[in-house]
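Report on the following structure.
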Amino acid sequence: MQLINGKEVAKATRDKVKGDITEFFKEKGRIPCLAVIIVGSDSASQTYVKNKILGCEEVGMKSLSYTESESATNEHIAAIITKLASDNTVDGILVQLPLPKHLDERYLLSLIPDSKDVDGFSPNNLGLLAMNTPRTISCTPFGVMELLASTGVDIAGKHAVIIGRSNTVGKPMAMLLLNADATVTVCHSKTVNLKQITSQADILIAAIGRPNFVTADMVKSGAIVIDVGINRVDGKLCGDVDFAAVSEKCSYITPVPGGVGPMTISMLLSNTLMAAKYE
Ligand code: NAP
Numbered sequence: 001m002q003l004i005n006g007k008e009v010a011k012a013t014r015d016k017v018k019g020d021i022t023e024f025f026k027e028k029g030r031i032p033c034l035a036v037i038i039v040g041s042d043s044a045s046q047t048y049v050k051n052k053i054l055g056c057e058e059v060g061m062k063s064l065s066y067t068e069s070e071s072a073t074n075e076h077i078a079a080i081i082t083k084l085a086s087d088n089t090v091d092g093i094l095v096q097l098p099l100p101k102h103l104d105e106r107y108l109l110s111l112i113p114d115s116k117d118v119d120g121f122s123p124n125n126l127g128l129l130a131m132n133t134p135r136t137i138s139c140t141p142f143g144v145m146e147l148l149a150s151t152g153v154d155i156a157g158k159h160a161v162i163i164g165r166s167n168t169v170g171k172p173m174a175m176l177l178l179n180a181d182a183t184v185t186v187c188h189s190k191t192v193n194l195k196q197i198t199s200q201a202d203i204l205i206a207a208i209g210r211p212n213f214v215t216a217d218m219v220k221s222g223a224i225v226i227d228v229g230i231n232r233v234d235g236k237l238c239g240d241v242d243f244a245a246v247s248e249k250c251s252y253i254t255p256v257p258g259g260v261g262p263m264t265i266s267m268l269l270s271n272t273l274m275a276a277k278y279e
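Under the numbering used here, the residues of the sequence shown are numbered 1 to 279, in order.
This is how it looks when you write it as structure tokens:
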């Protein structure tokens, strides 16, 4: 088994973004800017936002951070997004999810122009990906594709099985793998005989949100296993895959932490730079 080192791959991406930002500055006389809006005090969300801002600093990108109270209204958040949307010096707008329940997530996200949707969550950006003419690709699945590329294994013709069908991870993941000529199966909570399906996977992607859900008997010998899950058990981070047992059986595996997580932020920085170049 070989470990896919997400930290290393993520660093290579960040180094490239950093170099490209220097070039961008020489050409345009400004640096790309990412605006991040967080509402409420969810500790996991605060950590994600902190890491995104640190990521910006690391590559020399400008960032703006809006920390709004748990009781903020739709009108208040909408006003911030609308202002950022029309600001030519802001290239990317990210609203950290989940939002407090009283806020209308769909409406608020719809206020982000497609060109500044650096998360790749907008219907147009997802639609372009589905048509294999992508513009901005969701950061986490995009990062998974970079990790797969780092193995040097050809994806074409492989059977890829994804557990999870969220709009942010599972579905764009399926489209990316399909666009890369894999044969794709998407599983979810209503899937019957899950083990039978996952044990046929050459590439198995777990995006469920349940600690140690994928056990060794669900995995084909020699499979590539990508663990997207981030779970906290007794204060410690773990993925959706029973790492100790599955790593005995697979050819490649991502650890948690240090696998998909660092890639998500690198791809966000890359998407923001790309958004700046589009203007
Ligand atoms: P989500 O929206 O909750 O989706 C979870 C998916 O798992 C759903 O499609 C659900 O099926 C499926 N599922 C739940 N229980 C199942 C079961 N028993 N058998 C088969 N499928 C089952 O979660 P998400 O946003 O996609 O995130 C998934 C995980 O990835 C979470 O742990 C999250 O924290 C993590 N994540 C990590 C990163 C990163 O940067 N590393 C980024 C994003 C997310 P239904 O659709 O039928 O409900």
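The C-beta atom is built at its ideal place from N, Cα and C for all residues, glycine as well.
- Ala12 is the residue among Leu103, Ile4 and Ala12 whose C-alpha sits nearest the C-alpha of Val59.
- Boundaries around Lys18 are those of the alpha helix (DSSP H), Gly6 to Lys28, since no beta strand (DSSP E) includes it.
- Within the segment 130–201, complete beta strand (DSSP E) segments of at least 3 residues are found at 159–163 and 183–187, given in chain order.
- Look at the beta carbons and you see the segment 46–61 not touching the segment 79–89: under three pairs across the two are nearer than 8 Å.
- Cβ-Cβ separation between Val228 and Cys250: approximately 15 Å, too far for a contact (criterion under 8 Å).
- Set against 7 Å, the gap from the CB of Lys11 to the closest heavy atom of the ligand NAP is not smaller.
- Non-local C-beta neighbours of Val169 in its own chain, meaning closer than 8 Å and more than five positions away in sequence, comprise Ser138, Thr140, Pro141, Ala207 and Val228, ordered along the chain.
- For Val246, there is no enclosing beta strand (DSSP E); the residue is part of the alpha helix (DSSP H) that begins and ends at Phe243 to Val246.
- The continuous stretches of beta strand (DSSP E) do not include Glu70, and DSSP gives it neither H nor E.
- The three-state secondary structure of Ile53, taken from DSSP, is helix.
- For the pair Ala245 and Thr198, the Cα-to-Cα distance works out to about 16 Å.
- Residue pairing by DSSP places Arg106 opposite no residue, since no beta bridge is assigned to it.
- Nearest C-alpha to Pro100 among Lys7, Ser41 and Arg165: Ser41.
- Judged by beta-carbon spacing, Val214 lies within the 8 Å limit of Asp240, meaning their Cβ atoms are closer than that value.
- Residue nearest to Arg232 within the set Ile226, Thr254, Gly209 and Glu248 is Gly209 (criterion: CA-CA distance).
- Using a Cβ-Cβ distance cut-off of 8 Å, the segment 258–276 and the segment 101–121 are in contact, since at least three pairs of beta carbons, one from each stretch, lie closer than that value.
- The C-beta distance from Met175 to Leu108 rounds to 24 Å, too long to meet the 8 Å contact threshold.
- Contact annotation: Leu178 and Ile226 have beta-carbon atoms that are not nearer than 8 Å.
- Spatial neighbours of Gln2 in its own chain (CB-CB distance under 6 Å, excluding positions within 5 residues in sequence) are listed in chain order as Tyr252.
- Cβ-Cβ distances below 6 Å link Glu105 to Leu99 in the same chain, with the five nearest sequence neighbours on each side left out; the list follows chain order.
- The shortest C-alpha to C-alpha distance from Glu70 to any of Arg135, Lys158, Ser43 and Leu94 is the one to Ser43.
- If you look at Val225, you'll find it in the beta strand (DSSP E) that goes Ile224 to Asp227.
- In terms of Cβ geometry, Asp181 and Gly157 form a close pair [threshold 8 Å].
- With fewer than 16 neighbouring CB atoms inside 10 Å of its own CB, Phe25 falls in the exposed class.
- Rounded to the nearest whole angstrom, the C-alpha separation of Leu194 and Ile203 is 15 Å.
- The Cβ-Cβ distance between Lys62 and Ile31 falls below 8 Å.
- Short of 6 Å from the beta carbon of Asp242, and not among the five residues preceding or following it, lie these beta carbons of its own chain, in chain order: Asn212 and Thr215.
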